[in-house]
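Comments concern the structure below.
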Amino acid sequence: MQSLVIALALAPAAAYVAPVAPKATTKLAESKADLMALQESLPGPPGYWDPLDLAGSTILAQYGVDTVEANIGWFRHAEIKHGRV
250 MQSLVIALAL APAAAYVAPV APKATTKLAE SKADLMALQE SLPGPPGYWD PLDLAGSTIL
310 AQYGVDTVEA NIGWFRHAEI KHGRV
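Under my numbering, the first residue of the sequence shown is numbered 250, with each subsequent residue one higher.
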């Protein structure tokens with residue numbers, strides 16, 4: 250009887266617990282060649298332009314971003330996050 254009373258007393262507390270969202274499983278891998286093809290397909294100048302070669306570097310390897318595709322994804326996410334796309 251006591252366990253039933255305790256269970257009924259604690260049941261409303263479960264309503265205040267936030268649901269856990271499932272982790273996103275979408276993985277986008279875009280290479281430097283994909284970026285070049287995209288830019289060449291768009292009208293107008295300047296064509297493909299990457300003077301610092303950020304698309305081909307692994308400058309973020311010290312932070313765990315160790316592949317070129319992950320590096321491109323990190324920079325793309327930063328551009329979207331800060332509203333420059």
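Virtual Cβ for every residue (Gly too), placed ideally from N, Cα, C. All of these numbers come straight from a predicted model, not from anything done at the bench.
### Message
Between which residues of its own chain and Q251 is the CB-CB distance below 6 Å, once the five residues before and five after are set aside?
### Response
Excluding sequence neighbours, Q251 sits near nothing in its chain.
### Message
Within 8 Å, do at least three Cβ pairs link the region 292 to 304 to the region 312 to 326?
### Response
In short, these stretches touch, since the Cβ pair count reaches three.
### Task
Reducing DSSP to helix, strand and coil, say where K272 ends up.
In the three-state reduction of the DSSP assignment, K272 falls in the coil class, being assigned neither a helical nor a strand state.
### Task
Could you check which residue in M285, S290 and G293 has the C-alpha nearest to that of D299?
Nearest in C-alpha terms to D299, of all of M285, S290 and G293, is M285.
### Message
Tell me the residue span of the alpha helix (DSSP H) that contains A286.
### Response
A286 -> alpha helix (DSSP H) spans K281 to S290.
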